[in-house]
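In mature numbering (1 follows the signal peptide of the UniProt record, and there is no 0), the protein residues as written are -24 to -1, 1 to 325.
For every residue, glycine included, the Cβ atom is placed at its ideal position computed from N, Cα and C.
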């Protein structure tokens, strides 16, 4: 069973950002031959944020695809709850935006407590993380068309149908919504590069981290082949003021009712255009947030964990006046070492 892990890095530094990013991808990066080969094979890591289950949470979805085949998938949901372990920086500046008595929590991290609550309220007999694992397993190796057929089977069950007859080991009434979220992410999610590999049993690992200060938390996905990073993704979530933001799903519903007045919880990647413009005004950088994170990820993909550790040492040796782009091509983030460390921590999970 895949588990999620919380990682705290405790790195605090300035963030340099600038012009709006194009969410379809990154131009100008000098990809390695292994990444180019994977692109030719149609292998890519996709990430999306959706509302698979009601309006009190949002769903994060990571999908490794090769052409129109789903290699692996990873689901989690984030909800405000009482008495749960919060996401990183819940006890710092980020958590100051929470309603009194509540924390923003990963349901997978808190599966034991959340499952007990659901058992008491709805008589659930299968743990939350086991339910999601069953759904993730049900799509592995399937084409998009086969996943669409699976959704059709689930939808046809009706209120009295047994979900486990279609998805072995799952009992969630919204199983169709979760499978649909995986398919949507596989088709339209934000793309991150992968490296070519002959490995057959690839699995997405995920951690939550704090690679940049205490006002946000990061979601990190990694796919490994031995000690080589086959694919990775990074994103951060932060509260921002104003009404010009997309916000995470259900920001305009019950989930968003927990926000401080005038603020929105955003994915910095999804809202990269606005976030980069804001940070450009503050710090005067010339590289967008989206392009910066893509550059950091590209520098890790196809490398061994030992090689990434060496890159981190090189970045840490730059000093305040050093140029990050001399080590990580295309990146200007002062906390580049922290983001790479988050990838390493995910790999070790």
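* From the DSSP output, in three-state form, read off residue 182 for me. => strand
* If we ignore side chains and look at the alpha-carbon of each, how far apart do residue 265 and residue 251 end up? -> 8 Å
* To do: Name the residue from 322, 202, 149 and 34 whose alpha carbon lies nearest to the alpha carbon of residue 101.
  => 149
* **N- and C-terminal bounds of the beta strand (DSSP E) containing residue 167** => Element bounds for residue 167: 166 to 168.
* Specify whether the stretch 5 to 23 and the stretch 204 to 213 touch according to this definition: at least 3 beta carbon pairs, one from each stretch, less than 8 Å apart. => yes
* Going by DSSP, what residues sit across from residue 79 in a beta bridge? -> In the DSSP assignment, residue 79 forms a beta bridge with 57.
* Within the same chain, show all residues whose beta-carbon is closer than 8 Å to that of residue 31, passing over the 5 residues directly before and after it, in chain order. => 226, 229, 230 and 231
* Do you know how far the Cα of residue 198 is from the Cα of residue 108? -> 18 Å
* To do: Could you tell me the distance, in whole angstroms, from the CA atom of residue 302 to the CA atom of residue 287?
  => Residue 302 and residue 287: Cα-Cα distance of roughly 11 Å.
* Going by CA-CA distance only, name the one from 171, 176, 278 and 218 that's closest to residue 16. => Closest option to residue 16, Cα to Cα, is 171.
* Rounded to a whole number of angstroms, what is the C-alpha to C-alpha distance between residue 353 and residue 74? -> The displayed coordinates of the chain run from -24 to 325. Any statement about residue 353 would go beyond what the structure contains.
* For the stretch 36 to 52 and the stretch 60 to 76, state whether three or more C-beta atom pairs, one from each stretch, are separated by less than 8 Å. => Result no; under three Cβ-Cβ pairs closer than 8 Å.
* Asked: In angstroms, rounded to a whole number, what distance separates the CA positions of residue 276 and residue 322?
  -> 12 Å
* Exposed or buried, residue 136, counting other C-beta atoms within 10 Å across all chains shown (16 or more means buried)? -> exposed
* Going straight from the alpha carbon of residue 27 to that of residue 295, what length do you get? -> 43 Å
* Have a look at 11, 285 and 144 and flag the residue whose alpha-carbon is nearest the alpha-carbon of residue 110. => Taking only the C-alpha atoms, the option nearest residue 110 is 144.
* Asked: Who are the Cβ neighbours of residue 242 in its own chain at under 6 Å, not counting the five residues just before and after it?
  -> 216, 221 and 223
* Asked: Can you pull the DSSP bridge partners for residue 119?
  -> 45
* Along the alpha helix (DSSP H) that carries residue 97, what are the first and last residues, could you check? => DSSP places residue 97 in the uninterrupted alpha helix (DSSP H) bounded by 87 to 98.
* Whole-angstrom C-beta distance between residue 123 and residue 78, which should lie under 8 Å -> The Cβ separation is near 35 Å, so there is no contact.
* Contacting residues, own chain, Cβ-Cβ under 8 Å from residue 156 (five flanking each side not counted) -> 28 and 127
* Specify the secondary structure class of residue 220 as computed by DSSP and reduced to three states. => Reduced to three states, the DSSP call for residue 220 is coil.
* Asked: Which same chain residues, not among the five before or five after residue 146, have their C-beta less than 8 Å away from its C-beta?
  -> Only 102, 107, 110, 111, 114, 139 and 140 meet the Cβ criterion.
* Asked: If you count every other CB in all the chains shown that lies within 10 Å of the CB of residue 47, and 16 or more means buried, which is it?
  -> buried
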